[in-house]
Amino acid sequence: MTKNISILAALGLLLTACAGSGKEDASPVTDFPEAMALWQSKAVAGYEVTIEQTCFCPPDLLQPMRVTVRQGKVIDIEGLEQPLNHPEVLDERRLTIEGLLSLIAESGDSASELVVQYDQQYGFPVRLEIDGSPLIADDEFSYRLSDFQAY
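And the structure:
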């Protein structure tokens, strides 16, 4: 009985050691260069993603929006709770992953606060919060990305 327990324990240690060698178990993506490299390596030509933004903007833009992007350009935006009454106010660059990654690169040295959490499979920001200046009211904004589907 003791011999069987020892064999099972050894087998468990061996399986644990082997499980740690795959890409999925690598350390999490936490910095911008690594996230950008991961996103670029995926060469995603088109995708859909749900984006929720928080900003000083009209209420209809403070809802989840389903955004369809092809070749880096927004081709469709749909409000998921109500129609978008002010789509002209949207900055479409901030509704693409490429645009958000550029925003992170630009804000890295100038923003007073920059918080980013990256998707571990693709490298895009799933959570982004930026405060340009603590002395300016209403310049803060945040984005939450979910339900990503690559084509």
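Those letters in the sequence shown? Residues -19 to -1, 1 to 132, per mature numbering (1 follows the signal peptide of the UniProt record, and there is no 0), in order.
Glycine residues also receive a C-beta, built at the ideal position from the N, C-alpha and C atoms.
Fair warning: this is a prediction, and the values are worked out from it, not measured in the lab.
On the criterion of 16 or more Cβ atoms from any shown chain inside 10 Å, does residue i qualify as buried, or is it exposed?
i, result
"V10", "buried"
"I111", "buried"
"I56", "exposed"
"Y132", "exposed"
"T35", "exposed"
"L84", "buried"
"residue 167", "Here the chain comprises residues numbered -19 to 132, so residue 167 is not present and cannot be evaluated."
"E59", "exposed"
"L61", "exposed"
Just to confirm the assignment, what range does the beta strand (DSSP E) spanning residue i have?
i, result
"A24", "Segment: none, A24 is in no beta strand (DSSP E) and carries neither H nor E."
"L126", "122 to 131"
"P64", "Unbroken run through P64: none, as it is neither H nor E."
"E94", "94 to 99"
"T49", "46 to 51"
"E110", "106 to 112"
Give me, in chain order, the residues of the same chain whose beta-carbon lies closer than 6 Å to that of residue i; leave out the 5 immediate sequence neighbours on both sides.
i, result
"S127", "T31"
"E121", "D112"
"G80", "R74"
"S123", "T35, E110"
"F129", "V30"
"F105", "W20, I78"
Along the chain, where does the alpha helix (DSSP H) that runs through residue i open and close?
i, result
"L80", "Residue identity check: residue 80 is Gly in the sequence provided, not Leu. From DSSP, the alpha helix (DSSP H) with G80 extends over 78 to 88."
Just checking my contact of residue i with residue j at CB under 8 Å: how many whole Å lie between their CB atoms?
i, j, result
"W20", "L82", "7 Å"
"R108", "Q98", "4 Å"
"Y103", "K23", "5 Å"
"E33", "R125", "4 Å"
Please work out which residues of its chain come closer than 8 Å, Cβ to Cβ, to residue i, disregarding the five sequence neighbours upstream and downstream, and give them in chain order.
i, result
"A86", "F13, M17"
"G89", "F13, L95"
Taking 7 Å as the limit between beta carbons, can you name the residues of its chain near residue i, skipping five residues before and five after?
i, result
"L76", "I32, V48, V55, I58"
Practice task
Decide if the segment 64 to 71 is in contact with the segment 38 to 55; the criterion is three or more beta carbon pairs, one per stretch, under 8 Å apart.
Solution key: Touching, per the Cβ criterion.
Practice task
Indicate whether the contact test is met: 3 or more Cβ pairs, each with one atom in the segment 22 to 31 and one in the segment 48 to 58, closer than 8 Å.
Solution key: Yes: the two stretches touch, three or more of their Cβ pairs being nearer than 8 Å.
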